[in-house]
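Take 8 as the starting number for the sequence shown in the numbering used here and just add one per residue.
Ideal Cβ placement from N, Cα and C applies to all residues, glycine included.
Remarks on the structure that follows.
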Amino acid sequence: MLRNKKAVIFDLDGTLIDSMSMWREIDIEYLGRFGIVLPETLQDEIEGMSFSETAVYFKQRFGLEDSLEQIKQTWNQMAGYKYANEVPFKQGAKAFVKYLKKKGIKTGIATSNSKELVKAVLENHHMVQYFDSIHTACEVKKGKPAPDIYELVANELQVIPEECLVFEDVIQGIRAGKSAGMTVCAVYDDYTKDMIEAKKKEADYYIDSYLEIQFE
Numbered sequence: 008m009l010r011n012k013k014a015v016i017f018d019l020d021g022t023l024i025d026s027m028s029m030w031r032e033i034d035i036e037y038l039g040r041f042g043i044v045l046p047e048t049l050q051d052e053i054e055g056m057s058f059s060e061t062a063v064y065f066k067q068r069f070g071l072e073d074s075l076e077q078i079k080q081t082w083n084q085m086a087g088y089k090y091a092n093e094v095p096f097k098q099g100a101k102a103f104v105k106y107l108k109k110k111g112i113k114t115g116i117a118t119s120n121s122k123e124l125v126k127a128v129l130e131n132h133h134m135v136q137y138f139d140s141i142h143t144a145c146e147v148k149k150g151k152p153a154p155d156i157y158e159l160v161a162n163e164l165q166v167i168p169e170e171c172l173v174f175e176d177v178i179q180g181i182r183a184g185k186s187a188g189m190t191v192c193a194v195y196d197d198y199t200k201d202m203i204e205a206k207k208k209e210a211d212y213y214i215d216s217y218l219e220i221q222f223e
């Protein structure tokens, strides 16, 4: 996977960290405050959207009176403690990122999450210094599956798409990486366990765990 690659770009949630199931719980609690039951299809509908795009979707679909900033602030507050104290990295992920840095391969994060939560979880795990570029989809025109976020990170890393390897856990993210002209490795996540075959079909590689990757 790493042959002729000068940079590795990771999605965050479900790819580097185990956090996807927590977001379903937050959506249930948040909508419950307005007397709204979580639609079973909601997670599929918002997959790949940036934090800001998701807030717009919630506001419009559920007719919320809160402003977009209030919605995002509430989500950050609800998830903040868990990201700063509880959300774990996936098995083998830290060692793999550290290996890449040791080998002089540039590293980046291209996430649909908020800057606040990205910072919280990386600081908690003392991993901030291992990433050369960290950007969120709120900084670009369109979230995944558009390639914008991956192109932004690659530009900052000063590498061309063909030199980038992307790790992603969801279909829309895989499509974003492929649309950017990058090689993509799909990662297993409990949240998308029913999509394994679809992920394998769309990605160039697939792993159940970072421990499968042969590195020192």
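Item                                                                                                                                                        : Value
Beta-carbon within less than 6 Å of V147's beta-carbon, same chain only, minus the 5 sequence neighbours each way: which residues are those?                : D155, I156 and L159
Return helix, strand or coil for F174, following the three-state DSSP convention.                                                                           : strand
In terms of alpha-carbon separation, which member of D139, E130, V63 and Y88 lies closest to L75?                                                           : V63
Grab the span of the alpha helix (DSSP H) containing G87 for me, first residue to last.                                                                     : L75 to N92
Ordered along the chain, which non-local residues of its own chain (more than five positions away) have a Cβ less than 7 Å from that of P152?               : G55, Q179, R182, A183 and S186
With three or more C-beta pairs closer than 8 Å as the rule, is the region 161 to 179 touching the region 200 to 220?                                       : yes
Cα separation between M27 and R10?                                                                                                                          : 30 Å
Which value, in whole angstroms, describes the spacing of the CA atoms of Q77 and G70?                                                                      : 14 Å
What ranges does the alpha helix (DSSP H) occupy inside the region 189 to 222, keeping only unbroken runs of at least 4 residues that lie completely in it? : 203 to 209
Can the beta-carbon of F222 be found less than 9 Å from the beta-carbon of V194?                                                                            : no
Below 8 Å, how does it come out for the region 15 to 27 and the region 162 to 174: are there three or more Cβ pairs, yes or no?                             : yes
Looking only at C-alpha atoms, which of K108, D34, G150 and V125 sits nearest to E47?                                                                       : D34
If we ignore side chains and look at the alpha-carbon of each, how far apart do E170 and L164 end up?                                                       : 11 Å
So Y217 packs on K206, CB below 8 Å; how close in whole Å?                                                                                                  : The Cβ separation is near 16 Å, so there is no contact.
Within this structure, are the beta carbons of N162 and T143 separated by less than 9 Å?                                                                    : no
CA-CA distance, K109 and R40?                                                                                                                               : 47 Å
Going by the beta-carbon positions, is the gap between G111 and F138 smaller than 9 Å?                                                                      : no
To the nearest angstrom, report how far apart L45 and W82 are at their CA atoms.                                                                            : 15 Å
Can you give the Cα-Cα distance for D211 and V128, rounded to whole angstroms?                                                                              : 28 Å
Pick from E52, M85 and M8: whose alpha carbon is nearest that of Y37?                                                                                       : M85
Please report the straight-line C-alpha distance between A100 and V94, rounded to a whole angstrom.                                                         : 13 Å
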